[in-house]
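Q: Attaching a single structure in structure tokens format; questions to follow.
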Amino acid sequence: MANIIQPLQHFTKFESLDLGNELIEQALIYKENPALDKAKGAGKRIGCIFLNPSLRTRVSTQLAALNLGMEPIVLNMDKEGWALEMQDGAVMNRGTVEHIKDAAAVLGSYFDILAIRAFPSLTNKEEDTSDFVLSQFIKYAGVPVLSLESATRHPLQSLADQITIRENWSGKKKPKIVLTWGPHIKAIPHAVANSFAEWTLGLDHDLTITHPEGYELDEAFTEGATIENNQSKALEDADFVYVKNWSSFNDYGKIITTDASWMLTENHFEHAQKAKVMHCLPVRRNLELSDEVLDGKRSLVHAQAKNRIFATQAVISHLLGQL
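When we follow this note's numbering, the leftmost residue of the sequence shown carries the number 34, and every step to the right adds one.
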């Protein structure tokens, strides 16, 4: 008997092996025929609410919605909307103008699906790890909410990553997948790294995570992964190498080191000659990854970016099926 996949009320994280595989397969179908379900979203609207900047997420979500016949409307809340008060019971006598209770409820009445992008503060660990901002939208919107990246996860990026791995792996054994920290000049959120680990492990792949000491991720996302502080050892026989910077989780939001030796160059692949390289973009060239790798035959970064459209289309299609 086939497993019954529980319908999603919201899309904010990896839910199950069965649903993950279903979404990957549906995305690959849409990639072959983007207009397959052009009538599915007819008469429906998706509100894309950005509290933080975006390029791929913004455009891919709009394209995915249009492929399904939906009308996407974008609001840059950080520039075009009122300053939002997120705390319940707040006395609003300072800088905030509109409470999330009112903003989310109104947006929920305008749209059939709300898509929200909200980065972490990287200063308030408790709020960030509870996905406070995203949770407030879910609490008050009254419609399905799709995460376009939250304080802790970036599930659409991770789905696109898994689609890309599926397309580029034909081996009979499980691929060796390595998530490696890369240097950066800024304190960067954990969402992409967390989410990639969650999806990779949830889909029953082998995962090695390598980073300098002090950059341990939240163990809630890494249980089952091999943790290796020696990057060279971690990269041995790798099939896929995912490069991403993140700030310290234990010393929350801090930069512990910017060790330039962790930037991937061709020299790092002496013992992983066939490895493919992935990155979510945007990437700081010649800081996180060298030009020779990004522009070379190993690079899958542009393929990942294209797959963002079909990953999002699969998710929106699933949510439409529940309306």
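The beta carbon of each residue, even a glycine, is placed where N, CA and C say it ideally should be. Please read these numbers as outputs of a predicted model, since none were measured by experiment.
Give the DSSP-derived three-state secondary structure of H301 in the structure shown.
A: Locating residue 301 in the sequence shown gives position 268, counting from the first residue. Correct three-state label for H301: helix.
Q: Which value, in whole angstroms, describes the spacing of the CA atoms of T245 and K287?
A: Within the sequence shown, residue 245 is the residue found at index 212, counting from 1. Within the sequence shown, residue 287 is the residue found at index 254, counting from 1. In the sequence as displayed, the identity of residue 245 is Pro instead of Thr. Cα-Cα distance, rounded: 13 Å.
Q: Can you find at least 3 beta carbon pairs, one from the region 262-272 and one from the region 297-312, that sit closer than 8 Å?
A: Yes: the two stretches touch, three or more of their Cβ pairs being nearer than 8 Å.
Q: Taking the DSSP output, what are the residues bridged to K209?
A: Counted from its first residue, the sequence shown places residue 209 at position 176. Per DSSP, D239.
Q: Taking only three categories from DSSP, how would you classify M110?
A: As a first step, residue 110 is located in the sequence shown; it is residue number 77 there, counting from the start. If DSSP states are grouped into helix, strand and coil, M110 belongs with the helices.
Q: Only counting runs of 4 or more residues, tell me where the alpha helix (DSSP H) segments fall wholly within the region 107-179, in order along the chain.
A: Inside the region 107-179, DSSP marks whole alpha helix (DSSP H) runs of 4 or more residues at positions 110-113, 133-143, 158-162, 165-174, from first to last along the chain.
Q: Tell me the residue span of the alpha helix (DSSP H) that contains G53.
A: On the sequence shown, residue 53 is found 20 positions in, with the first residue counted as 1. Segment 50-65, the alpha helix (DSSP H) holding G53.
Q: Consult DSSP for T185 and reduce its assignment to one of helix, strand or coil.
A: If you number the sequence shown from 1, residue 185 lands on position 152. Shown here, T185 sits in coil according to DSSP, grouped into three states, outside any helix or strand.
Q: Run through DSSP, which three-state label would V310 get?
A: Looking up residue 310 in the sequence shown gives position 277. Reduced to three states, the DSSP call for V310 is strand.
Q: With a CB to CB cut of under 7 Å and the five nearest residues on each side skipped, what residues in its chain are close to A347?
A: One-based indexing of the sequence shown puts residue 347 at position 314. Once the five neighbours on either side are set aside, the close Cβ partners of A347 are L56, Q59, A60, Y63.
Q: What is the rounded straight-line gap between the Cα of E136 and the Cα of M125?
A: Counted from its first residue, the sequence shown places residue 136 at position 103. Counted from its first residue, the sequence shown places residue 125 at position 92. The residue asked about is misnamed: residue 136 is Ala in this sequence, not Glu. C-alpha separation (whole angstroms): 14 Å.
Q: Since F273 sits in a beta bridge, which residues does DSSP pair it with?
A: Residue 273 sits at position 240 when you count from the first residue of the sequence shown. Bridge partners of F273: I210, K309.
Q: Pick from Y143, N201, A151, L189: whose alpha carbon is nearest that of A174?
A: Within the sequence shown, the letter at position 141 stands for residue 174. Nearest Cα to A174 within the set Y143, N201, A151, L189: Y143.
Q: Could you check where the alpha helix (DSSP H) with R78 kicks off and where it finishes?
A: As a first step, residue 78 must be located in the sequence shown, where it is residue number 45. Not the alpha helix (DSSP H): R78 falls in the beta strand (DSSP E), residues 78-83.
Q: Does DSSP put F343 in a helix, a strand or coil?
A: Reading the sequence shown from its first residue, position 310 is the one you call residue 343. F343 falls in the helix class under three-state DSSP.
Q: Return helix, strand or coil for S228, following the three-state DSSP convention.
A: Along the sequence shown, one-based indexing puts residue 228 at 195. If DSSP states are grouped into helix, strand and coil, S228 belongs with the helices.
Q: Can you tell me whether L352 is helix, strand or coil according to DSSP?
A: Here the question's residue 352 lines up with position 319 in the sequence shown. In this structure, L352 counts as helix in the three-state DSSP scheme.
Q: Please list the terminal residues of the continuous beta strand (DSSP E) segment that includes T259.
A: Indexing the sequence shown from 1 puts residue 259 at position 226. 259-261 is the span of the beta strand (DSSP E), which, as asked, contains T259.
Q: Which residue comes first and which comes last in the alpha helix (DSSP H) that contains T255?
A: In the sequence shown, the residue the question calls residue 255 occupies position 222. Segment 252-255, the alpha helix (DSSP H) holding T255.
Q: Find out if the Cβ-Cβ distance for the pair K46, P188 is shorter than 8 Å.
A: Residue 46 sits at position 13 when you count from the first residue of the sequence shown. Residue 188 sits at position 155 when you count from the first residue of the sequence shown. In this structure, P188 lies closer than 8 Å to K46 by Cβ.
Q: Using CA coordinates, which residue listed in D70, G329, Q42 is at the minimum distance from F343?
A: Here residue 343 refers to the residue found at position 310 when the sequence shown is read from its first residue. Looking at the Cα atoms, D70 is the closest of the given residues.
Q: Sort L353, E113, A151, Q169 by Cα distance to K134 and report the nearest one.
A: Translated into positions along the sequence shown, residue 134 becomes position 101. Ranking the options by Cα distance to K134, first place goes to Q169.
Q: For R318, which of helix, strand or coil comes out of DSSP?
A: Residue numbering aside, residue 318 sits at position 285 when the sequence shown is read from its first letter. DSSP places R318 in strand when its eight states are reduced to three.
Q: Helix or strand or just coil, what does DSSP make of E200?
A: Residue 200 sits at position 167 when you count from the first residue of the sequence shown. Correct three-state label for E200: helix.
Q: Measure the beta-carbon distance from L50 to L236 and round it to whole angstroms, keeping in mind my assumption that it falls under 8 Å.
A: The sequence position of residue 50 within the sequence shown is 17, counting from 1. The sequence position of residue 236 within the sequence shown is 203, counting from 1. About 6 Å; that satisfies the 8 Å criterion.
Q: In angstroms, rounded to a whole number, what distance separates the CA positions of M34 and N201?
A: For the purposes of this step, residue 34 is taken as residue 1 along the sequence shown, with counting starting at 1. For the purposes of this step, residue 201 is taken as residue 168 along the sequence shown, with counting starting at 1. Confidence at M34 is low in this model, with a pLDDT of 42, below 50, so the placement of that residue is unreliable and no value is reported for it.
Q: Quick one: is I218 buried, meaning 16 or more other Cβ sit within 10 Å of its Cβ, or exposed?
A: In the sequence shown, the residue the question calls residue 218 occupies position 185. Exposed.
Q: Is it true that the region 103-114 meets the region 67-86, where meeting means three or more beta-carbon pairs spaced less than 8 Å apart?
A: yes
Q: Starting from the C-beta of T345, find all residues in its chain whose C-beta is less than 7 Å away, skip the five residues before and the five after it, and write them out in chain order.
A: The count along the sequence shown starts at 1 and reaches residue 345 at position 312. Cβ neighbours of T345 beyond the five flanking positions: S93, T94, A97, L189.
Q: Are the CB atoms of L192 and H223 within a distance shorter than 8 Å?
A: Looking up residue 223 in the sequence shown gives position 190. Looking up residue 192 in the sequence shown gives position 159. By the CB criterion at 8 Å, H223 and L192 fall outside the cutoff.
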